[in-house]
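Visitor: The structure's right below; bear with me while I get my questions together.
In the UniProt record's numbering, the protein residues as written are 1 to 240.
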């Protein structure tokens with residue numbers, strides 16, 4: 001790749017990764033399957049209403065996603081971002097729309113999952129118990145665990161219609177960054193799709209990496225049309 005993203009000694013880089021990065025590790029996405037995931041519609045498995053209507057169906061879906069997640073491996077994009085963090089330390093802020101743990105397994109230490117985490121669960125009653133690590137596979141109603149308060153345990157996932165996590169921290173980091181890199185996010189899911197606009201208004205350099213132009217392409221200083229795993233390993237020029 002002839003062009004690189006120069007990162008100077010005073011730069012702070014905000015990285016947003018989306019479903020395209022996980023797809024390169026073999027994890028399917030709703031968008032790539034016409035809004036379906038193995039026959040499930042979003043409304044059936046990824047909304048608060050779906051949980052109220054049929055918690056067993058929701059957990060079967062996430063049991064399938066957990067199985068897929070456990071079988072997947074980090075790809076070169078994950079590894080490249082972990083290496084970039086090693087070089088930049090806390091000057092890099094990694095925010096992901098993905099719920100898998102591939103960034104962590106690649107070596108990234110500071111990852112914010114704005115849509116929750118696949119291998120964590122929480123009480124559906126919001127009784128005050130903190131979310132917790134959980135790799136359980138719950139495929140029947142009787143297998144769904146109960147909290148000490150009696151509430152059913154649900155996936156620690158931000159469903160459609162719910163507020164993304166840690167938005168105050170995310171917006172604060174957007175206000176501090178001098179470079180925004182978006183990788184594998186098509187620009188269709190809000191509020192993440194608005195991050196480039198937020199950064200552009202501040203005069204921040206904005207870059208996109210993905211095999212197709214995003215719908216908000218006009219918000220980026222430069223677009224690299226390539227898979228993240230192909231582009232990211234050689235994309236950065238760290239200046240002393």
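Idealized CB from N, CA, C, for every residue including glycine.
The model shown is predicted, which means the values in this text are computed figures rather than measured ones.
Which residues share a DSSP beta bridge with residue 10?
Guide: According to DSSP, residue 10 bridges with nothing at all.
Visitor: Report the partner residues of residue 15 according to the DSSP bridge assignment.
Guide: DSSP lists 94 and 181 as partners of residue 15.
Visitor: Kindly indicate the opening and closing residues of the alpha helix (DSSP H) around residue 122.
Guide: That residue, residue 122, is in no alpha helix (DSSP H); its beta strand (DSSP E) goes 116-123.
Visitor: Closest to residue 94 by CA distance: which of 29, 106, 113 and 100 is it?
Guide: Nearest of 29, 106, 113 and 100 to residue 94, Cα basis: 113.
Visitor: State buried or exposed for residue 155, treating a residue as buried only when at least 16 other CB atoms are found within 10 Å of its CB.
Guide: Its Cβ being crowded by 16 or more others within 10 Å, residue 155 is buried.
Visitor: Entirely within the stretch 124-176 and at least 4 residues each: give me those alpha helix (DSSP H) ranges in chain order.
Guide: List check, alpha helix (DSSP H) in window: 167-176.
Visitor: Residue 75: which of 145, 237, 23 and 226 sits nearest, CA to CA?
Guide: Ranking 145, 237, 23 and 226 by Cα distance to residue 75 puts 23 first.
Visitor: Please decide whether residue 82 counts as near chain C, where near means a Cβ-Cβ distance under 7 Å.
Guide: Checking the listed chains, one finds no chain C in this structure; it contains a single protein chain.
Visitor: Is DSSP giving residue 113 helix, strand or coil here?
Guide: Residue 113: strand per DSSP, three-state reduction.
Visitor: Tell me whether residue 1 is buried or exposed, calling it buried when 16 or more other Cβ atoms sit within 10 Å of its Cβ.
Guide: Caution applies to residue 1, whose pLDDT of 46 falls short of 50 and renders its modelled position unreliable; the value that the coordinates give is listed next. Per the 10 Å Cβ criterion, exposed.
Visitor: Among residues of its own chain, excluding the 5 on either side of residue 140, which ones have a beta-carbon nearer than 7 Å to its beta-carbon?
Guide: Once the five neighbours on either side are set aside, the close Cβ partners of residue 140 are 56.
Visitor: For residue 124 and residue 151, which I take to be in contact (beta-carbon distance under 8 Å), what is that distance rounded to the nearest angstrom?
Guide: 5 Å between Cβ atoms; contact.
Visitor: Could you check the C-alpha separation between residue 178 and residue 202 for me, to the nearest Å?
Guide: Approximately 9 Å, taken between the alpha carbons.
Visitor: Kindly give me the distance between the Cβ atoms of residue 209 and residue 231, rounded to whole angstroms, as I take these residues to be in contact under 8 Å.
Guide: Their Cβ separation, rounded to whole angstroms, is 5 Å, which keeps residue 209 and residue 231 in contact under 8 Å.
Visitor: Can you tell me where the alpha helix (DSSP H) holding residue 58 begins and where it ends?
Guide: Where residue 58 is concerned, the enclosing alpha helix (DSSP H) stretches over 55-71.
Visitor: Return helix, strand or coil for residue 195, following the three-state DSSP convention.
Guide: Here residue 195 sits in helix by DSSP.
Visitor: Would you give the residue range spanned by the beta strand (DSSP E) that residue 225 belongs to?
Guide: Looking at the DSSP string, the run of the beta strand (DSSP E) that includes residue 225 is 222-225.
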